[in-house]
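Asks: Going by the numbering used here, the letters in the sequence shown line up with residues 560 to 834, in that order.
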Amino acid sequence: MSTPGGSLPCDGMYSKLIDDEASYDELNRRPDVGHSVSHVRVIPRPSGPRLYRLATICLATLCAVLLISVIAVSAHYKNKSQGGAEATAEAQKQTQDFNASALTITISKLQKEREELQKERDELQKQRDELQKQRDELQAKLDAKPTAKAPDVVRPTTKAPIICPPDWLLFNNSCYSISRNTRSWPESKSFCESKGAYLAIIHTAEEQTFLWDLLPRGHWNSFWFGITDGDTEDHWKWVDGSSLVGGGQWIESEPEREREDSGIESETREREDSG
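Below, the structure is given as structure tokens:
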């Protein structure tokens with residue numbers, strides 16, 4: 560490698576050597592010079608090896624200068640590269656430090672939030688335990704308290720209207736029929752029971768008046784009622800088991816043994832059953 564500025568000293572030295580040789584030859588070829596010449600010391604012409612040695616020194620010096628330049632330039636760029644790498648490394652280090660600081664701050668914040676959430680959870684757990692304790696106490700009180708029976712609700716009963724069979728008469732929710740067939744008291748009782756009824760029972764004066772008005776008038780007849788002293792002599796009871804209260808227009812009739820202990824309302828010796 561070479562540069563124009565670096566070859567100028569050696570070129571000038573080499574040209575001077577050539578000029579000196581030319582002047583020396585010219586002086587030796589001019590014997591006709593008219594004026595007197597003083598004794599001149601002649602400088603011997605350089606020999607060939609000395610000239611080559613001088614050229615070699617110049618070339619070596621030039622190479623050394625070039626080598627030093629190359630080394631200087633390389634060192635400059637190397638230092639510059641190292642400086643850039645160091646700057647990059649420093650920038651990366653600063654970035655890492657910043658990221659680490661931000662991460663540390665975030666971790667601290669999350670840790671604080673976690674502690675607050677744990678505190679809230681503990682508080683809620685405490686409230687839950689208190690509520691459960693109160694619930695258990697109330698349940699224990701309810702279990703210990705005797706259960707009060709609810710009062711029975713009395714609902715009014717609606718009875719269906721009573722409909723009497725044909726030829727039967729309705730009075731005070733009871734149906735009445737007058738039979739004109741002649742039967743004994745037991746036969747009359749069985750006949751009424753076969754119809755799903757029983758011999759007439761009189762508990763009130765109104766019932767007695769109603770039945771009295773139903774009986775035929777103007778001739779002798781009689782009708783059986785549902786009363787007897789078959790269980791206890793002279794102790795009259797209705798066929799429903801109730802005792803006779805008060806009195807009425809009754810007579811005792813025992814015309815035959817099979818018809819004794821029966822009560823009738825008597826107007827004649829002919830007997831008919833009244834259901």
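Note that CB positions come from ideal geometry on N, CA and C, so glycine has one too. All figures in this text were calculated on a predicted structure; none of them were measured in a lab.
Give me the residue from 784, 754, 803 and 628 with the minimum Cα distance to residue 793.
Replies: Residue 793 sits at position 234 when you count from the first residue of the sequence shown. Closest option to residue 793, Cα to Cα, is 803.
Asks: With a Cβ-Cβ cutoff of 8 Å, do residue 735 and residue 744 count as a contact?
Replies: By one-based count along the sequence shown, residue 735 stands at place 176. By one-based count along the sequence shown, residue 744 stands at place 185. No, these two residues do not count as a Cβ contact at 8 Å.
Asks: Look up residue 794 in the DSSP assignment and give the residues it is bridged to.
Replies: Mapped onto the sequence shown, residue 794 falls at position 235. DSSP lists 791 as partners of residue 794.
Asks: State the start and end residues of the unbroken alpha helix (DSSP H) segment that holds residue 751.
Replies: As a working note, residue 751 is residue 192 in the sequence shown. Residues 744 to 753.
Asks: Check whether the Cβ atoms of residue 737 and residue 729 sit closer than 8 Å, and answer yes or no.
Replies: Position 178 of the sequence shown holds residue 737. Position 170 of the sequence shown holds residue 729. No, the Cβ-Cβ distance between residue 737 and residue 729 is not below 8 Å.
Asks: Smallest Cα separation from residue 785: which of 668, 800 and 684?
Replies: Walking along the sequence shown from the start, residue 785 turns up at place 226. Among 668, 800 and 684, the Cα nearest to that of residue 785 is on 800.
Asks: Please state whether DSSP places residue 696 in a helix, a strand or coil.
Replies: Residue mapping note: residue 696 aligns to position 137 of the sequence shown, counting from 1. Helix.
Asks: Between 717, 658, 760 and 683, which lies nearest to residue 795 when the distance is taken from Cα to Cα?
Replies: Taking the sequence shown and counting its residues from 1, one reaches residue 795 at position 236. Closest by alpha carbon: 760.
Asks: Using DSSP with H/G/I as helix, E/B as strand and the rest coil, what is residue 660?
Replies: On the sequence shown, residue 660 is found 101 positions in, with the first residue counted as 1. If DSSP states are grouped into helix, strand and coil, residue 660 belongs with the helices.
Asks: DSSP three-state label for residue 727, please.
Replies: Within the sequence shown, the letter at position 168 stands for residue 727. Here residue 727 sits in coil by DSSP.
Asks: If you reduce the DSSP assignment to three classes, tell me which class residue 722 lands in.
Replies: By 1-based counting over the sequence shown, the position of residue 722 is 163. Three-state DSSP puts residue 722 in coil, outside helix and strand.
Asks: Taking the Cβ atom as the reference point for each residue, do residue 750 and residue 742 lie within a distance shorter than 8 Å?
Replies: Counted from its first residue, the sequence shown places residue 750 at position 191. Counted from its first residue, the sequence shown places residue 742 at position 183. Going by C-beta atoms, residue 750 is nearer than 8 Å to residue 742.
Asks: Opposite residue 734 in the DSSP bridges: which residues?
Replies: Residue numbering aside, residue 734 sits at position 175 when the sequence shown is read from its first letter. For residue 734, which the question treats as bridged, DSSP gives the partners 729.
Asks: On the DSSP bridge list, what partners appear for residue 802?
Replies: Mapped onto the sequence shown, residue 802 falls at position 243. Answer by DSSP bridge pairing, in chain order: 796.
Asks: Could you check where the alpha helix (DSSP H) with residue 768 kicks off and where it finishes?
Replies: Within the sequence shown, numbered from 1, the residue matching residue 768 stands at position 209. From DSSP, the alpha helix (DSSP H) with residue 768 extends over 764 to 773.
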